[in-house]
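> Supplied in structure tokens, the structure appears directly below.
In the UniProt record's numbering, the protein residues as written are 1 to 147.
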């Protein structure tokens with residue numbers, strides 16, 4: 001077998017293997033983009049909760065799979081005012097903050113910013129509170145979306 005034959009056979013083998021069907025399933029995104037009108041910003045749904053099964057008691061909370069949004073029940077009733085909610089992205093350098101269940105605070109691992117249970121800055125370098133998303137309740141479904 002000469003060099004030319006070898007390269008043709010090897011190239012054909014690579015071509016066949018690259019055309020094989022993959023068994024991997026495509027990953028579904030953690031958030032669902034909502035279609036928008038031309039000239040407007042897209043709206044992203046970060047978190048949904050079925051209020052007949054989730055967030056039933058005062059103090060219960062939920063984060064989305066991508067850990068970008070947080071919601072916590074603060075009062076009885078299924079009205080937006082019964083929940084606090086905000087982004088889990090630090091306003092200093094866009095790192096993801098983590099919820100500290102023991103004291104309700106949010107800590108940023110990148111530069112040490114700390115936020116209160118209401119998202120207000122307790123310790124910098126962050127200068128702004130955690131961003132609030134839009135919370136709505138449709139029937140028994142709570143939705144948190146980008147503004």
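Built from N, CA and C at the ideal position, the CB exists for glycine as well.
As the structure is a prediction and not an experimental result, all values here were calculated from the model.
Have a look at the DSSP bridge pairing and note the partners of residue 73.
83.
> Would you tell me roughly how many angstroms separate the C-alpha atoms of residue 128 and residue 106, rounded to the nearest one?
So the two alpha carbons sit approximately 13 Å from each other.
> According to DSSP, is residue 145 part of a helix, a strand, or is it coil?
Note: residue 145 maps to strand in three-state DSSP.
> Assign residue 126 to one of two classes, buried (16 or more other C-beta atoms within 10 Å of its C-beta) or exposed (fewer than that).
Classification of residue 126: buried, given that the 10 Å Cβ count is 16 or more.
> Could you pull out every residue in the same chain whose Cβ sits closer than 6 Å to the Cβ of residue 27, ignoring the five residues on either side in sequence?
Low confidence applies here, because residue 27 scores a pLDDT of 40, under 50, leaving its location unreliable; read the following figure in that light. Contacts found: none.
> Under the three-state reduction of DSSP, which class applies to residue 116: helix, strand or coil?
Correct three-state label for residue 116: coil.
> Closest by CA to residue 142, which one among 65, 57, 60 and 79?
Measuring from the Cα of residue 142, the nearest candidate turns out to be 79.
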